[in-house]
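The sequence shown begins at 27 in our numbering and counts up one residue at a time.
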Amino acid sequence: MRGRWDEFSLAALALCLGCGSAEGDGTPASGGAANTSTTSTTSNGSGGTGAGSGNTAAGSGETGTTASSTATTAAAGAGGQPPLPRTETHACLEYILGFCEYTARCGGESNVTACFERNGASCPDLVFAPGSSRTVDGTFACADEWRALGCELVTPECATAGTLADGEACISGIQCASRLCSVGESACGSCLPSAELGEACDDALGPQCTPGLGCDPTALVCVALETGAGVNPLEIGDECDPTRSDCSPNDCRLDDAAVYRCQPYPTLGQDCSDPLTCAFGDSYCDITQVCLALPAAGESCGVDAFTGLAQWCADGAFCDRNQYPALCVATPGLGEPCDGACQEDLGCNCTDDACATRVCQRPRFHGQSCAVPEDTCILGECLAGSCVVPEAESNFAERCGE
27 MRGRWDEFSL
37 AALALCLGCG
47 SAEGDGTPAS
57 GGAANTSTTS
67 TTSNGSGGTG
77 AGSGNTAAGS
87 GETGTTASST
97 ATTAAAGAGG
107 QPPLPRTETH
117 ACLEYILGFC
127 EYTARCGGES
137 NVTACFERNG
147 ASCPDLVFAP
157 GSSRTVDGTF
167 ACADEWRALG
177 CELVTPECAT
187 AGTLADGEAC
197 ISGIQCASRL
207 CSVGESACGS
217 CLPSAELGEA
227 CDDALGPQCT
237 PGLGCDPTAL
247 VCVALETGAG
257 VNPLEIGDEC
267 DPTRSDCSPN
277 DCRLDDAAVY
287 RCQPYPTLGQ
297 DCSDPLTCAF
307 GDSYCDITQV
317 CLALPAAGES
327 CGVDAFTGLA
337 QWCADGAFCD
347 RNQYPALCVA
357 TPGLGEPCDG
367 ACQEDLGCNC
377 TDDACATRVC
387 QRPRFHGQSC
397 AVPEDTCILG
407 ECLAGSCVVP
417 EAESNFAERC
427 GE
């Protein structure tokens, strides 16, 4: 069941948050990560990755500074300031951060900052809307359980269900006893019926499988999903299912006998006409359908065989397509001017309201220090040396007309 990680939109995170209520939530599982060459990493996802070819390295968070709990920082008081209050908004933000760190670590969306920023704007309702029996302290604890959760697991033990019955108004799956809400961004949905392992399902018409399970498109029953990169991988030569990622870090493709088997990706200097992809790390599949070395800064960008786009550069460089021909340029570092791409763990941010200039900055979350110009607060502002996201009020009644 490849592609589950692309469900980390606001609506889908709200749905998978429904895997828990009082002290936790759950998340859809992953089919694993593609394993091929990559270029520079950017915190805003621009200018550095080879889009369209499946050649994206997953499994490492873009914001390594978030590995430790911001709750700890807040409790101590950053920059010598009084500790931040443990509010519903703060707990919700901390939970989302822990969840995003788990997905990045386990082969999901690698950009922790983007995941957090996209979903955190819906706090506290994403976690504390009516029907949820979650507590503030329990939510902080479950955030840390996400950080410690093994990639082979789908949810932490703190995951429980909500209390709303099928058909009741919801904006987050956490509210529902079924853990499923038919919600879209800025909309009001209703709790959906769910199906358990082995029960009949239909992703289009319902019932949908409870989070952690997927609806087999052929048998139309709920089946278990793999999670994490390379969970129980098959060996080279084993028969495989091309819709799954059990071969990782190898590839599932047809052999000479027209049987899908796990086969290694081609490497530097080898033919890559099938599967138009090269092994991760040292090369990319060029338009000539041969694996070539990733171009260094100052060299022309590599042209991808699958997309036909100039996009490939070695680590420490990104492809500047504003030039002709497109050229690999050294990726800017902390405090340096940027135009979308920055070194790993940094974001390219505006320095003034008109956004006339942009520089690479470290993302900082609620409760973390922002005492130097190289730091930038996510979803909040820097007050007395600490990032603070104001306590938000629920808009559930307004969205659902109650």
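Beta carbons are placed, not taken as given, at the ideal position from N, Cα and C, and that holds for glycine.
Inter-residue spacing [alpha-carbon to alpha-carbon] between residue i and residue j
| i | j | result |
| --- | --- | --- |
| residue 243 | residue 181 | 23 Å |
| residue 409 | residue 399 | 13 Å |
| residue 381 | residue 413 | 21 Å |
| residue 165 | residue 307 | 38 Å |
| residue 290 | residue 283 | 17 Å |
| residue 370 | residue 263 | 36 Å |
| residue 51 | residue 221 | Note on residue 51: pLDDT 41, under 50, position unreliable in the model; the coordinate value appears next. So the two alpha carbons sit approximately 17 Å from each other. |
| residue 119 | residue 285 | 47 Å |
| residue 196 | residue 187 | 14 Å |
| residue 335 | residue 173 | 37 Å |
| residue 362 | residue 300 | 40 Å |
| residue 296 | residue 134 | 29 Å |
| residue 254 | residue 176 | With a pLDDT of only 45 at residue 254, under 50, the local geometry of the prediction cannot be trusted, and no value is derived from it. |
| residue 379 | residue 340 | 33 Å |
| residue 355 | residue 158 | 49 Å |
| residue 325 | residue 127 | 34 Å |
| residue 191 | residue 234 | 15 Å |
| residue 154 | residue 419 | 11 Å |
| residue 150 | residue 416 | 11 Å |
| residue 422 | residue 156 | 8 Å |
| residue 223 | residue 170 | 28 Å |
| residue 225 | residue 402 | 48 Å |
| residue 112 | residue 239 | 33 Å |
| residue 185 | residue 374 | 36 Å |
| residue 116 | residue 163 | 11 Å |
| residue 386 | residue 392 | 19 Å |
Where residue i sits in the DSSP three-state scheme
| i | result |
| --- | --- |
| residue 127 | helix |
| residue 137 | coil |
| residue 357 | coil |
| residue 425 | helix |
| residue 174 | helix |
| residue 405 | coil |
| residue 118 | helix |
| residue 202 | strand |
| residue 381 | coil |
| residue 413 | strand |
| residue 195 | strand |
| residue 184 | coil |
| residue 419 | coil |
| residue 396 | coil |
| residue 132 | coil |
Beta strand (DSSP E) segment containing residue i, residue limits
| i | result |
| --- | --- |
| residue 270 | That residue, residue 270, is in no beta strand (DSSP E); it is neither H nor E in DSSP. |
| residue 388 | 384–390 |
| residue 373 | 373–376 |
Below-7 Å beta-carbon distance, residue i vs any chain D residue
| i | result |
| --- | --- |
| residue 167 | In the structure shown, chain D does not exist; there is a single protein chain. |
Terminal residues of the alpha helix (DSSP H) in which residue i lies
| i | result |
| --- | --- |
| residue 151 | 151–154 |
Contact belief for residue i with residue j at Cβ below 8 Å, rounded distance in angstroms
| i | j | result |
| --- | --- | --- |
| residue 202 | residue 426 | The Cβ separation is near 13 Å, so there is no contact. |
| residue 288 | residue 260 | 5 Å |
| residue 204 | residue 219 | 6 Å |
| residue 310 | residue 302 | Residue 310 to residue 302, Cβ: 10 Å. No contact. |
Margin query: If we require 3 or more residues per run, which beta strand (DSSP E) segments fall completely within the region 316–349?
Written below: 317–319, 336–338, 343–346
Check: Residue ranges of each alpha helix (DSSP H) run of no fewer than 4 residues wholly in the region 216–251, ordered along the chain?
Finding: Listed in chain order, there is nothing to give.
Item checked: alpha helix (DSSP H) runs contained entirely in the region 276–313, provided each spans 4 or more residues -> If we require 4 residues or more, the region 276–313 turns out to have no alpha helix (DSSP H) run fully inside it.
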